[in-house]
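One structure is given here, and the rest of the page talks about it.
There are 2 protein chains.
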Amino acid sequence: MQQPTLHVRRVGIDTWRENVAYLHRDCPVVRAEGFQALSKVTVQANGEVISAVLNVVDDERIVPPCDLGLSEEAFRRLGVAEGHTARIEHAEPPPSIAALRRKIAGERLGRDDLHAVMADIAGARYSKIELAAFVVATNQYELDRDEVLHLTEAMIAAGRRIDWRADLGHAPVVDKHCIGGIPGNRTSMLVVPIVTAHGMRCPKTSSRAITSPAGTADTMEVMAEVELPMDRLQAIVRQTGGCIAWGGTADLSPADDILISVERPLAIDSPGQMVASILSKKIAAGSTHLVLDIPVGASAKVRTMPEAQRLKRLFEYVAGRLGLQLEVMVTDGQQPIGRGIGPLLEARDVMQVLRNDPMAPQDLRQKALWLAGRMIEFDPDVRGGEGWHLARDILESGRALAQMEALIEAQGRRTPPAPAPLMFDVLAPTAGTLVSVDNLRLARIARLSGAPQVPEAGLDLAVRLGDTVQAGQLLYRLHARFEADLAFARQLAEADNGWVIGAATSVTPPLGSGGR
Amino acid sequence: MQQPTLHVRRVGIDTWRENVAYLHRDCPVVRAEGFQALSKVTVQANGEVISAVLNVVDDERIVPPCDLGLSEEAFRRLGVAEGHTARIEHAEPPPSIAALRRKIAGERLGRDDLHAVMADIAGARYSKIELAAFVVATNQYELDRDEVLHLTEAMIAAGRRIDWRADLGHAPVVDKHCIGGIPGNRTSMLVVPIVTAHGMRCPKTSSRAITSPAGTADTMEVMAEVELPMDRLQAIVRQTGGCIAWGGTADLSPADDILISVERPLAIDSPGQMVASILSKKIAAGSTHLVLDIPVGASAKVRTMPEAQRLKRLFEYVAGRLGLQLEVMVTDGQQPIGRGIGPLLEARDVMQVLRNDPMAPQDLRQKALWLAGRMIEFDPDVRGGEGWHLARDILESGRALAQMEALIEAQGRRTPPAPAPLMFDVLAPTAGTLVSVDNLRLARIARLSGAPQVPEAGLDLAVRLGDTVQAGQLLYRLHARFEADLAFARQLAEADNGWVIGAATSVTPPLGSGGR
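In the order they appear, the protein sequences are chains S and Y. The first sequence begins at -9 in this note's numbering and counts up by one. The second sequence begins at -9 in this note's numbering and counts up by one.
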C-alpha cells in the first residue's frame, strides 16, 4: 500500500502548544491507514519528524484531499515550506509512555525514566491526555524527594541552559522567587534595582499573570518593554547588572511550561511539581543563588506552618543536590502586600517605594528590604546581618530609583496608560475590626474588573488586617476601563467583598518573622 | 464592554467528541475578553449553551473576523443554523470540578458527586485534560466498591435507558459479555442464535474493534448490516427475539464512551472503571440477566486467579445492588479461541460451528455452548444443569443456524468479501511442544496485516497450546489484501511469532473449568 504523495499546507489555526495535522476525509490515506479523528500520527518531511494529533476535515477550503494541513505550531516545528511533500503514519506511543504507565500504577520512577519522560514532553510527543495523566499521577505526595530531584534535573536537561560566566565571570547570579498566591506582592521590582545597585547580578525573568490579576512581567510592562530577545537581554544585563523581563521566550525548562498548561486548568500545584518547576527554571536561567519566599496564610497557597516547613525541606534537598545556594523565607501570607492589585496600581506602589514617598505602602517596602538584604548577604564580602541595612541605604539614597530608571531605559521606556476612568467604592457594611481577608476573592474581583488585560484595572486597598472601620468606611476602590467589567466586579464584591469584620480581639497575629 | 455581534459558521473539522470554537485573531472579542488559544468558553445562541475549547485562527478562509466558527461536533450540539447570532464568554469550570479536585487529592466521592461528574462529562463540559485527570484519579483501586456502584448508577442516569417491556413483556432480557483481551473468542455470534432459538430475548449490541483485530460488530458486518437505527433494531428484536448489532449510536451510558476515549490512549482499564463501564452499558440497554466471561491468562487482561476473584466480587456487588442478575464465569484465557483472528476468518469459524462442520474449532464450540447453557438457565422453566444440553440440542439440530440466517435476513444480508489474495506462512523455527502464546502479540500481528479495516485480513491458527510441532511446521497463516500490510505483519512475526516452543512437560494446565 503506497501512500499517495501529500503536500504540506499551513492551516492558520493557533492550537497553542499542540501539533495538529488536518486531512480531508476523502484523502485516500485516511481510509487506507484507518485514521480517525484524534489518531496520533507522525509527520515526516525532509528528514524531520513531528508527532501530531489528527483532525479530519470535510471542507476543501481548509485542506484539499491531497494536502496535509498543519496547525501553526506543527508547521513551525516541522520547518519545511508549504507544498513540500510529506508522509503521515500512525504514531507509535513515545518510548517513555511505559514509564508513565508505571507511575500511574503507583510505582517509583528512576532517573532515566524521568529524563525520558521530560525529553518526550519537551519534544511535544505527549498528548494533552498523557500530560494530564502524568500530572495527576505525580500529584500530592506521589513523588518522593529523589524523584523530585530527578524530575528537576530532567526538566533542566530537556531545554536550554544559560551560562552567564561569559558575561558576568564567576560572580554569583542571584534571584528571588515567590511561590505566589498573594495579590500585590511586587517585591521583585524593588529587589532587582536594590541588589543590582549593590553591584550584584540579577537577570530576572518573570511570568505574566495566568490566574492572578498581575504578574511581575505585566507590571513592569506598564513602564518598560519586557519581551526582549535573548541577545538584547544579555546585553542589558552586561550593561546594568540586571533586568526585569518576561521569561516566556527563552526555552528554559520547556517541559515545565508544557506541564503548567495542564496543571493550571486542573488547579493542581503539588509540592513536588512546584519544586521541580521553580528550581528547574532558575537553574536553567543560570542562577547560582536564590531567595525563595513562601507566604503562609489561610487563603495562600500554603496554609499551615508544618506544610511550609515540609515544602521548605523539599526545596532545600533538591537545591542542595543541584548546587544551587538557597535561602527559604516563610512569610506572612494572610493579606495582600501593597495597596494596588492590577498592573498599573502595583507599578504605582513600586515607584512610591523607590521614590521614598511617605505615602508608599510600608509592608511592601519592608518585605522588599528584607528579601533584598538576604540576597545581598550572598555577597561573600557582606557580613551576616548587614544585608538589610545595606538594602535600606541603597533605597533611601535614591540609588535604587536611579537603577530602576536605568533598567527602564535599557529595556525601552513605555508610557504608562492613563488611570482607569471608571471607579466604584466598596464600603464596610458594618463597624468592627478587620479579622481576615480572602486573597483569592480579592484576586478574582480584580480580574473581573479587567486586570491584567486592562493594565489600569484592578483594585486599590484602603485598609489592612487589624484596622478598625466604621460602617460605610472605604475598604477598597475598584478601577475599570469598561462599564461591563466594572459591573461584573462590583456584583462579585457586593455578594462578598472578601473581608471579615469582627471583634477587635480576634485578629490572628502575623505568622513567622518574615512578613513585617 | 458590549460584544460585537458574532455569526455562527460551521467549520468542517471533525474533532471527534471535542467541541471546538474558532475565532479569528483580529476579532475584537478575542482581545476584549482576553481569550487565548485553548481558553475554555461557553457559546450561547437561541437559548442553547455549549462549552467549547477555543482555537485562534489567522486565516479568513476558515473564519472571518466577525464569525464564530464551530467544529462539526460543536455545531451539531448547539443546533442553530449557520449565520445565527451567538455570544461567546469565558467558561466557568463545570460545577463538578470541585469533586474532581477532591478525588485527585485522594478523597472518597459520594453519590451526588459522581452523579454531577457524569452529568458534566455526558454534557461535554469536561476538557480532555479534565477527563484524563478523572481517569487517573479513579484508577487502580482508588475507588471503593460503593464509589463503583455510584459511578455505575451515575453513568446510567446520564444517558438513555431502553425499556424492552413494551416490546418483550416481562420476560428476562439476557446478555453475555466478555471483558476482552483474547483474540478470536467470537462466542456472542453463537450464543445469540442459540438462546433466541430457545425463545429467550437477547438484543445484543456490541462494539467495533478498537485496539483488537476484530470486534463482534466487525465480524457480524461481514455477513449483515450492523448499523441499525433504534426503531429498526427494536422491530428486529420483536420479530426474531434478538439482534447482533453495533451499539455505538444508542446514547447508552454516553459518559462511558467519552471516558473510554481517554482510557484507551492511556491503556488504563482499572477494575472499578471496567465494572462501571460494562454494567452501565448493559443496564442502560435494558438487560435484566447477564453472563460475564472473565478470561484469565498470562497475556490476558486478568493475569491471576486471585485478581479474577476480586474482580468477580466487585461485579457481583454492583450488579446485585442495581438489580441485575449476574453469573460470572472465569475462563481459560491462555490462548486465542477459535482459529481465525480478523473479521472474515472469525465469521468463518462461527459459521462452521453453526453448520456442525467437523472442521469447526471445538474450543469455540464448547465455550459458546457452555455460556449459552448458563444463559438458558436464567429461564425459570429450565432446571439447573440442563442448560448445556439444551444449547447443544439447539446447535446440533440446526435450529441455531436457522436462527442466525433469520437474524442476518432481518438485519440486512451483506455479501462477504473474497478471501485475502496475499498469504504468508509463519513456521515453527524449532521442534518441540507449544508451551505458551502471547495473545497481545498475535493481536498486533493481525492488526498489522490489515484487520479490522480490511475484513479479510488477519491470521489463521494451525496449532493450539500443548501441540507438538516439527521445525518448519505451520504455526499460522497471515492473510492480507495489501503488500505493504503483509510485509509489516510478516516482519513483526519474524521478529517474534508469539509462540514459545519448549519441552513437552512444561505446558501449564488450563485454568478453572470454564475453558473446556
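The beta-carbon is built from N, C-alpha and C at its ideal position, and this holds for glycine as well. Since this is a predicted model, take the numbers as computed values, not measurements.
With DSSP as the reference, please indicate the residues paired to residue i in a beta bridge.
i: serine 426 (chain Y); result: Y:Val490
i: phenylalanine 414 (chain Y); result: Y:Leu468
i: alanine 42 (chain S); result: S:Val31
i: serine 196 (chain Y); result: Y:Trp236
i: histidine 279 (chain S); result: S:Val164 and S:Gln315
i: arginine 66 (chain Y); result: Paired residues: none, contrary to the question.
How should residue i be labelled, buried or exposed, when 16 other C-beta atoms within 10 angstroms of its C-beta is the threshold for buried?
i: glutamate 8 (chain Y); result: buried
i: proline 219 (chain Y); result: exposed
i: proline 296 (chain S); result: exposed
i: glutamine 352 (chain S); result: exposed
i: threonine 420 (chain S); result: exposed
i: histidine 379 (chain Y); result: exposed
i: asparagine 429 (chain S); result: buried
i: arginine 66 (chain Y); result: exposed
i: threonine 278 (chain S); result: buried
Please tell me whether residue i has its Cβ less than 8 Å away from any Cβ of chain Y.
i: arginine 51 (chain S); result: yes
i: leucine 104 (chain S); result: no
i: glutamate 236 (chain S); result: It should be pointed out that residue 236 (chain S) corresponds to tryptophan in this sequence rather than to glutamate. Not closer than 8 Å to any Cβ of chain Y, the Cβ of tryptophan 236 (chain S) fails to qualify, so no.
i: glycine 96 (chain S); result: yes
i: valine 46 (chain S); result: yes
i: tyrosine 466 (chain S); result: no
Would residue i count as contacting chain S if we go by Cβ distances under 8 Å?
i: isoleucine 3 (chain Y); result: yes
i: tyrosine 307 (chain Y); result: no
i: isoleucine 331 (chain Y); result: no
i: leucine 60 (chain Y); result: no
i: tryptophan 6 (chain Y); result: yes
i: leucine 511 (chain Y); result: Because chain Y here runs from -9 to 506, residue 511 (chain Y) falls outside it and cannot be looked at.
For residue i versus residue j, is the C-beta spacing smaller than 8 Å?
i: alanine 148 (chain S); j: methionine 108 (chain S); result: yes
i: alanine 122 (chain Y); j: isoleucine 119 (chain S); result: yes
i: glycine 402 (chain S); j: glutamate 211 (chain S); result: no
i: glycine 174 (chain S); j: glycine 330 (chain S); result: yes
i: aspartate 157 (chain S); j: arginine 228 (chain S); result: yes
i: arginine 509 (chain Y); j: glycine 440 (chain Y); result: For chain Y, the structure presents residues -9 to 506; residue 509 (chain Y) sits outside this window and is missing.
i: proline 55 (chain S); j: histidine 105 (chain S); result: no
i: valine 181 (chain S); j: alanine 358 (chain S); result: yes
i: arginine 191 (chain Y); j: glycine 232 (chain Y); result: yes
i: valine 427 (chain S); j: leucine 455 (chain S); result: yes
i: valine 281 (chain Y); j: lysine 166 (chain Y); result: yes
i: threonine 206 (chain Y); j: isoleucine 234 (chain Y); result: yes
i: proline 255 (chain S); j: serine 117 (chain Y); result: yes
i: alanine 493 (chain Y); j: glycine 422 (chain Y); result: yes
i: isoleucine 52 (chain S); j: asparagine 129 (chain Y); result: no
i: alanine 266 (chain Y); j: threonine 142 (chain Y); result: yes
i: arginine 92 (chain Y); j: histidine 140 (chain Y); result: no
i: glycine 488 (chain S); j: lysine 291 (chain S); result: no
i: phenylalanine 414 (chain S); j: leucine 354 (chain S); result: no
i: alanine 461 (chain S); j: leucine 449 (chain S); result: no
Return the residues of the segment 431 to 452 of chain Y that lie within a Cβ-Cβ distance of less than 7 Å from chain S, sorted by chain order.
Gln443
Under 8 Å (Cβ pairs) to chain S, residues found in the segment 113 to 147 of chain Y
Ser117, Lys118, Ile119, Glu120, Leu121, Ala122, Ala123, Val125, Val126, Ala127, Asn129 and Gln130
Quick one, which residues of the segment 251 to 285 of chain S are near chain Y if we go by CB-CB under 7 Å, in chain order?
Val252, Pro255, Leu256, Ala257 and Ile258
Relative to chain Y, which residues along the segment 74 to 95 of chain S have a C-beta separation below 7 Å, given in chain order?
Arg91, Ile94 and Ala95
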